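FYI, the numbering for the sequence shown is 1 to 222, going by full-length UniProt numbering. A virtual CB, placed ideally from N, CA and C, is assigned to each residue, including glycine. Bear in mind the structure is a predicted one, so any value in this text is a computation, not a measurement. Read the structure below first, then the notes.
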Amino acid sequence: MESHIVKITAIHQVTHDVKCFRIEKPSGYQFVPGQATEVAINKSGWENERRPFTFTSLNHEPTLEFTIKRYVDHKGVTDQLHQLNAGDELILHDVWGAIEYKGPGYFIAGGAGITPFIAILRQLHRDNQLTGNTLFFSNKTAADIIYVEELTAMLGNNVRYILSREQKQGYENGIINTNFLRSHITDFSKHFYVCGPDKMITDINAALEKLGANANLVVFEK
């Protein structure tokens, strides 16, 4: 089992409850945009508390990046991570994950479920291959949207923000369901990339099947 002790090199606030962590990159450590690893904190009592996090950096970069939402109520790993500082250590494990780019289509994300898509969209942007891709990004409020400025700059009119608990000019209000997908998607033969809470993934996959999407072209973490 692969294991690496690495230092945090920088931390910055992304939203009110999301931080970006820059981490040392072990020699030879490789991943595909969309993949993840299990992370633990290298301090007493937390070394075996491993949680999955997706890389939001790109493979060519000299450091790794994770973009992590804090769940204070859980009093668990994310809460501890948000209390760390540059210089503190993490333990990284094997790279894994089923989410990777297969071709142009629709990205459907809920909250922190955007993280696998961040690296994919950044890589496509770097390679000038974003054409033909659309992002639907659902959050409770506008303040919850991760990397809103960057996503808007990359995708322009091909990103739609949906707010479930707030009405605000420039944003759609509601949830991503069968009716939403029917009214916003013109080609159900394209690829679909889905990530978010488990129930959201189940519901959206069922809705896509109902609307005629090819199950073999729906990419999600199984």
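Identify whether residue i lies in helix, strand or coil by the three-state DSSP scheme.
| i | result |
| --- | --- |
| Arg160 | strand |
| residue 243 | Residue 243 falls outside the range modelled here, since the chain spans only 1 to 222, and no answer is possible. |
| Asp94 | strand |
| Val32 | coil |
| Thr141 | coil |
| Lys222 | coil |
| Gly110 | strand |
| Ile41 | strand |
| Leu151 | helix |
| Leu217 | helix |
Could you spell out the range, first to last residue, of the alpha helix (DSSP H) harbouring residue i?
| i | result |
| --- | --- |
| Thr78 | Val77 to Leu81 |
| Asn179 | Thr178 to His184 |
| Ala207 | Asp198 to Lys210 |
| Glu166 | No alpha helix (DSSP H) holds Glu166; DSSP gives it neither H nor E. |
| Glu100 | Here Glu100 belongs to no alpha helix (DSSP H), and DSSP marks it neither H nor E. |
| Ile118 | Thr115 to Arg126 |
If you check the beta carbons only, do residue i and residue j fall under 7 Å apart?
| i | j | result |
| --- | --- | --- |
| Leu163 | Thr186 | no |
| Met25 | Thr63 | Per the sequence presented here, residue 25 reads as Lys, with Met not at that position. Result yes, Cβ atoms of Lys25 and Thr63 sit closer than 7 Å. |
With a cut-off of 8 Å on the beta carbons, I'd call residue i and residue j a contact; round off their distance for me.
| i | j | result |
| --- | --- | --- |
| Lys19 | Ile68 | 6 Å |
| Leu81 | Ile41 | 7 Å |
| His16 | Ala112 | Actually they are not in contact, since the Cβ atoms of His16 and Ala112 sit about 13 Å apart, beyond 8 Å. |
With residue i as the anchor, note down where its beta strand (DSSP E) starts and where it stops.
| i | result |
| --- | --- |
| Arg22 | Val18 to Glu24 |
| Gln13 | His4 to Thr15 |
| His191 | His191 to Cys195 |
| Ile68 | Thr63 to Lys69 |
- [ ] Determine, using beta-carbon pairs with one atom in the segment 185 to 194 and one in the segment 97 to 112, whether at least three such pairs fall under 8 Å.
- [x] Because the criterion of three Cβ pairs below 8 Å is met, the segment 185 to 194 and the segment 97 to 112 touch.
- [ ] Evaluate contact between the segment 23 to 37 and the segment 52 to 60, counting only Cβ atoms and requiring at least three cross-stretch pairs below 8 Å.
- [x] Touching, yes.
TODO: Inspect the CB distances between the segment 92 to 106 and the segment 148 to 159 and report whether three or more fall short of 8 Å.
DONE: no
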